[in-house]
Every structure is written in C-alpha cells, then in structure tokens.
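Engineer: Supplied in structure tokens, the structure appears directly below.
Residue numbers (UniProt numbering): 1 to 403.
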C-alpha cells in the first residue's frame with residue numbers, strides 16, 4: 001500500500017511559541033510554530049498532486065506536541081487534512097497562559113540585557129542568530145508554548161466541551177472534513193513530567209493533594225480523597241522518593257494522556273458525521289533499554305516501534321509488534337480499517353504488547369471497558385461521571401506550576 005510522506009520543519013521553543021504584550025506591540029505574532037505548520041499543510045494541498053499524491057486524502061500524523069498540533073488545526077473549517085493520527089497528545093493538554101509566557105519573556109530579555117529597551121529592539125535581540133545557542137541552554141527554565149490567539153487556537157479545549165456532539169462541533173469544526181482518526185498513547189506517557197519537576201524542593205504528593213482538595217472539595221468532598229487513595233499519593237511523606245514521585249506521574253499520565261485519548265475517540269464516534277470513525281489503541285510494550293524507565297511503556301516508544309529504528313535491539317516478539325503497528329498505520333493512511341472502529345455501545349481498542357524478552361507478539365483487539373486487558377486505571381472514571389475531569393486538570397496544572 002503506497003503513501004507519500006512529507007516531513008514539516010517549523011519553529012519551536014522561543015522562536016516558535018514565546019509571546020508577550022511587548023511582542024504584540026512589536027507586531028510579532030503568537031503561535032508562529034503552528035502558523036509554520038499551517039503554511040506547510042497549505043503547500044501540500046497545492047502541490048502534492050505533482051508528486052502523485054491526492055490533496056483530498058491527506059493524513060496528519062503527530063506525536064506528543066505534534067499530536068496536539070493536529071488537534072489545534074482541527075479548530076479550523078479549512079480542510080488542511082482529512083485523516084488524523086494522534087500519538088500521545090491532544091489539545092486537551094491545554095495552551096499556555098499568557099501571563100506565564102510574559103514572565104518567560106521578561107526573564108529572557110533580562111538575560112540578554114535589554115530589559116529596558118523598546119519592544120522592537122528586544123525582538124531583534126531575541127532573533128539574533130548568535131543568541132540561539134545561548135538561549136537554548138536555558139530553554140527548559142522558561143514556559144513557552146501555544147496560546148489562545150483567536151485564530152489557530154480560538155479557545156481552550158476542555159473535557160466538558162466534548163461531552164455534547166453539538167459543543168464538540170463548535171470546538172472542532174474540522175470533524176466535517178477530517179472524518180477518520182487513529183488515536184492512542186503509551187501506557188506511561190506521564191514519565192515526561194518527571195524532568196519538569198527537577199530542582200523543586202516541595203514534596204510532590206503533598207503539594208498535588210493540596211491542590212486536589214482545593215479544587216475538588218467545593219464540588220464533592222469525596223472526590224479528592226478517592227483520587228489520593230486511588231493513586232496511593234503519599235501525603236504523609238516528608239521527602240520525595242522514586243516511589244512517591246511515580247504515583248504522582250501516574251495521575252499526570254491519566255489526566256493528560258490516557259483520559260484525553262479515549263475522549264477523542266468517543267467524540268468522533270459520537271459525531272454523527274457520515275463516514276466518521278475512530279480507532280483507539282494503547283501501546284503497552286515495555287521499554288527494553290537500561291535506565292530509570294526500563295520496563296515501562298514510555299513516552300515516544302510507540303514512534304520508535306512504528307519507525308522500526310532499533311529492530312536489531314528488540315526481542316523477536318517486540319519486532320513482530322513493530323511490524324503490526326507499522327502495518328496498521330499504513331492501512332489507516334490508505335483509507336482502510338486497521339481494526340474494528342470504536343463503537344460507543346461496544347468500545348474496543350487495540351493493545352500493542354510484547355514482552356521485552358519474549359518471542360510472541362501478544363497484541364490484540366480488546367473490549368475497552370476491560371481494565372484487565374487494557375491495563376489502564378479506572379480511578380478517573382468516577383470523576384468523569386461527575387463531569388469533574390477539567391477540575392482535576394486544573395489541579396494538575398496548579399501542581400506543575402509549583403507550590
């Protein structure tokens with residue numbers, strides 16, 4: 001089954017996603033990275049036929065921030081692509097708050113020695129090629145990312161905004177032209193938050209529990225205790241340990257990734273648009289390489305398997321799993337069904353799994369409601385039934401901003 005692959009370069013970090021009122025004064029646009037992507041997608045629409053492609057059958061595939069980008073472009077009525085593969089990311093991760101980006105901007109121009117300069121000069125200094133490597137050293141210290149701009153991102157995507165199909169259409173008019181999606185994630189995508197916690201001195205489970213109490217108690221005083229107990233958050237801990245941090249990361253995994261993935265599948269399945277269909281997967285293959293996350297299905301591992309970059313280092317079983325995943329993606333891109341589509345009455349998901357030392361690919365299509373087979377946690381299901389997932393996300397974001 002043939003396909004044409006087009007890789008897109010776009011501005012990332014500060015050049016792609018830094019913004020502030022000063023930058024607005026200097027007429028510097030927000031979300032330049034997303035604007036670059038949109039330009040590239042328009043180029044594909046105009047030119048792909050010259051390479052033997054079909055502009056009416058374009059698939060957007062992204063992982064992590066790339067997957068979230070695809071979601072952002074579905075806020076538009078413009079038919080930039082017609083199928084969407086989301087691997088471990090969505091706009092439910094939420095755009096940044098402008099005040100956080102403004103704080104980053106002030107810190108950066110201070111580092112560059114132009115705090116009191118005119119906005120135009122500050123932007124000029126930011127864009128100087130000679131400062132790129134210098135700024136890259138400090139990039140992780142600053143909050144940069146997409147923001148609500150009234151254009152590519154008209155508003156914040158919330159769990160509640162996707163419950164009702166009519167509301168979902170308002171949020172994602174792109175459902176009308178992007179009718180098929182393949183969405184999934186890794187069993188432990190949440191490990192990516194670990195690096196963001198480096199350098200903090202607060203006790204993570206205690207801080208997170210405090211935010212959960214503050215946000216959820218006004219809704220239902222039983223919700224926060226249920227979550228704290230369900231994830232075994234060590235609220236009595238006095239220091240952070242790998243075990244207590246792991247519990248925190250699991251909650252971050254579920255509210256930011258696992259719950260978001262299933263919500264997108266449900267949204268497309270419930271849309272009622274003729275021809276719309278969702279395919280849901282969970283990537284549960286353990287990471288075979290030495291390191292702190294060995295044995296976990298870590299963020300980005302599904303990309304490694306799909307591209308088969310390190311086949312020679314995998315077990316026979318995991319090699320077979322890589323082949324299955326790659327074939328399923330190619331099948332979807334070609335407009336066929338890699339497995340049974342998601343049905344609201346009988347939801348199913350593809351589980352990719354093979355042991356790190358095994359010979360057998362144990363991937364299988366399962367009932368999405370069977371936790372035994374999906375190996376997902378059910379703690380947030382009760383929260384979802386009470387319409388409080390957005391509040392849990394609020395608490396998580398407060399936690400990530402620090403005590």
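For each residue, glycine too, the CB sits at the ideal point set by N, CA and C. This structure is a prediction, so every number in the text was calculated from the model and none was measured.
Measure the beta-carbon distance from residue 112 to residue 131 and round it to whole angstroms, keeping in mind my assumption that it falls under 8 Å.
Structural biologist: Sure, about 6 Å apart at Cβ, within 8 Å.
Engineer: Checking the sheet assignment: what are the DSSP bridge partners for residue 279?
Structural biologist: Residue 279 pairs with 182.
Engineer: Which runs of the alpha helix (DSSP H) spanning at least 4 residues fall entirely within the stretch 221 to 281, listed in chain order?
Structural biologist: Listed in chain order, they are 223 to 230, 242 to 253 and 259 to 269.
Engineer: What's the gap between the Cα of residue 198 and the Cα of residue 336?
Structural biologist: Near 44 Å, if we compare the C-alpha coordinates of residue 336 and residue 198.
Engineer: Kindly give me the distance between the Cβ atoms of residue 315 and residue 288, rounded to whole angstroms, as I take these residues to be in contact under 8 Å.
Structural biologist: Contact holds; Cβ gap of about 7 Å.
Engineer: Checking 9 Å against the spacing of the C-beta atoms, do residue 152 and residue 101 come in under that value?
Structural biologist: No; because the gap between Cβ atoms is not below 9 Å, this pair is not in contact.
Engineer: Report the CB separation of residue 322 from residue 311 in whole angstroms; it is logged as a contact under 8 Å.
Structural biologist: Correct: roughly 6 Å between the Cβ atoms.
Engineer: When DSSP builds the beta bridges, which residues end up paired with residue 188?
Structural biologist: For residue 188, which the question treats as bridged, DSSP gives the partners 298.
Engineer: Candidates 281, 363 and 205: which alpha carbon is nearest residue 402's?
Structural biologist: That would be 205, whose Cα lies nearest to the Cα of residue 402.
Engineer: Starting from residue 44, trace the alpha helix (DSSP H) in both directions and tell me its first and last residue.
Structural biologist: 32 to 47 is the extent of the alpha helix (DSSP H) around residue 44.
Engineer: Work out the CA separation of residue 209 and residue 229 for me, nearest whole Å.
Structural biologist: Cα to Cα, the separation comes out at about 10 Å.
Engineer: Among 81, 92, 15 and 334, which one has its Cα closest to the Cα of residue 258?
Structural biologist: Comparing Cα positions, the closest option is 92.
Engineer: Report, in whole angstroms, the separation of the C-beta atoms of residue 190 and residue 250, which I expect to be a contact under 8 Å.
Structural biologist: Right, the Cβ-Cβ distance comes to about 6 Å (below 8 Å), so this counts as a contact.
Engineer: Measure the alpha-carbon distance for residue 89 versus residue 254 and round it to whole angstroms.
Structural biologist: One C-alpha to the other measures close to 12 Å.
Engineer: Specify the secondary structure class of residue 312 as computed by DSSP and reduced to three states.
Structural biologist: Reduced to three states, the DSSP call for residue 312 is helix.
Engineer: Determine the contact status of residue 408 and residue 32, defining contact as a CB-CB distance below 9 Å.
Structural biologist: No information on residue 408 is available, as it lies outside the stretch 1 to 403 that the chain covers here.
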